[in-house]
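Trainee:
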Amino acid sequence: CVREEHDTNLVLIEFAEIRFQYCTNCSSRISIRFQINISNIYAAFANHPSFVDIKLVEGDIQNSRELFCGRGIIYEPQFGNARRIISIVNALVTTIDDIYDIYGTLEELEIFTAMVDNWDVNRLDELPEYMRLCSYFVQRSQQHWMRHSQINILNVIPFLKKSWADLCKTYLVEAKWYKKGYKPTVKEYIQNAWISISGQTILIHFYIAILETLAQHRQDIVRCSATILRLANDLATSPDELARGDVLKSVQCYMHETGATEEEAQAHVQQMICDTWEEMNYEAKMAGTSSLPRGFVEAAMNVARMAQCIYQYGDGHGCPEEGKTVERFMYLVVNPVTNTKVISLLS
1 CVREEHDTNL VLIEFAEIRF QYCTNCSSRI SIRFQINISN IYAAFANHPS FVDIKLVEGD
61 IQNSRELFCG RGIIYEPQFG NARRIISIVN ALVTTIDDIY DIYGTLEELE IFTAMVDNWD
121 VNRLDELPEY MRLCSYFVQR SQQHWMRHSQ INILNVIPFL KKSWADLCKT YLVEAKWYKK
181 GYKPTVKEYI QNAWISISGQ TILIHFYIAI LETLAQHRQD IVRCSATILR LANDLATSPD
241 ELARGDVLKS VQCYMHETGA TEEEAQAHVQ QMICDTWEEM NYEAKMAGTS SLPRGFVEAA
301 MNVARMAQCI YQYGDGHGCP EEGKTVERFM YLVVNPVTNT KVISLLS
């Protein structure tokens with residue numbers, strides 16, 4: 001407990017507790033409204049038996065997971081709308097990822113990818129209903145954010161569209177790898193996977209004001225953040241995803257490429273995470289000389305921090321209860337901090 005340390009300034013601790021409680025109360029009120037949006041996305045698939053593995057019956061857990069991620073990326077009370085956008089995007093990404101990993105045939109996925117890439121609805125009738133619903137939600141969300149955007153000098157829709165198209169194209173690459181039994185090298189895997197993990201899509205929606213810069217120059221800060229998200233995800237989820245039928249992840253790619261044992265491969269991926277953190281810290285230091293606002297750089301780094309939090313004890317995204325995501329969400333949002341107990345939420 002921080003209060004028990006001899007050199008602790010108790011006045012500062014008191015102020016920290018008050019500020020944390022204020023932020024928690026503000027965010028909790030906003031979170032109730034956000035849950036409705038996320039629930040609507042998941043509930044739309046409730047009547048589709050082929051999509052039952054999305055665990056619709058665990059809607060409250062799904063909501064908690066998305067909201068927890070949003071809070072980790074941008075926590076200040078005044079950025080409630082940014083958290084709302086991140087949470088909805090995350091829900092859509094999770095749903096579409098399962099389509100590519102599990103449910104869609106290669107022919108259906110190619111049609112779906114082409115539709116997202118061209119923003120074309122003329123081939124909707126060739127797809128099953130749950131894919132049509134996904135396409136509808138993605139397009140509707142872009143139109144909604146365009147209407148509510150305060151940025152009038154830039155048409156943001158082309159950049160939002162491109163972020164979804166890039167994401168779906170990388171999903172399609174992985175689907176082809178799996179269905180054809182192809183085993184990529186670690187380098188080849190990472191070149192595709194840092195985009196397919198969706199960090200770039202989430203950050204583009206979060207910081208819509210600098211879309212043009214991000215679209216023209218894949219900023220290293222975004223690549224580093226997304227790479228850490230991908231590698232942390234791989235370490236926690238690859239056994240389960242391989243068992244259900246999915247492309248090889250970074251651990252398995254390294255094992256196949258070098259002949260290393262699984263333990264050696266996991267250690268190598270951990271080192272890749274450390275090396276990427278060093279690169280991202282350098283990029284963050286240099287961000288003061290670039291066009292990237294400091295707030296965006298911090299949010300990008302928070303994506304990586306949240307990745308290592310979510311996947312610290314296992315698959316905190318796919319199995320929130322086992323990965324302690326639900327427990328942490330309860331401590332962060334539901335259970336208040338009292339003056340006699342200071343909780344280290346991320347320990």
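Numbering (UniProt numbering), first residue to last: 1 to 347.
We put the beta carbon where it would ideally sit given N, CA and C, even for glycine.
#1: Could you check whether K180 and L106 sit closer than 7 Å to each other, using their CB atoms as the reference points?
#2: Using the three-state DSSP reduction, which class does P158 fall into: helix, strand or coil?
#3: Check each candidate in I111, A193 and W164 and name the one with the smallest Cα separation from E126.
#4: Take E108 as the anchor and find which of N90, R83, C134 and R84 has the nearest alpha-carbon.
#5: Any idea what DSSP makes of L248, helix, strand or coil?
#6: If we count Cβ pairs, one from each stretch, closer than 8 Å, do we get three or more for the segment 275-288 versus the segment 220-235?
#7: Note down the Cα distance separating R244 from L12, rounded to an integer number of angstroms.
#8: With distances taken between CB atoms, is the gap from residue 432 to A307 smaller than 7 Å?
#9: Go ahead and label D166 buried or exposed: buried means 16 or more other beta carbons lie within 10 angstroms of its beta carbon, across all protein chains shown.
#10: Which residues mark the beginning and the end of the alpha helix (DSSP H) in which G199 is found?
#11: Do you know whose CA, among Y182, V186, K183 and Q219, lies nearest G199's CA?
#12: Which residues in the same chain as V269 place their Cβ atom closer than 8 Å to its Cβ, once the five residues preceding and following it in sequence are excluded?
#13: Given this structure, state the Cα-to-Cα distance separating R123 from Y130, to the nearest angstrom.
Mentor: Looking at the coordinates:
#1: no
#2: helix
#3: I111
#4: C134
#5: coil
#6: yes
#7: 50 Å
#8: This structure leaves residue 432 out entirely; the chain is present only between 1 and 347.
#9: buried
#10: G199 to F206
#11: Q219
#12: L231, D234, L235, S250, V251 and Y254
#13: 14 Å
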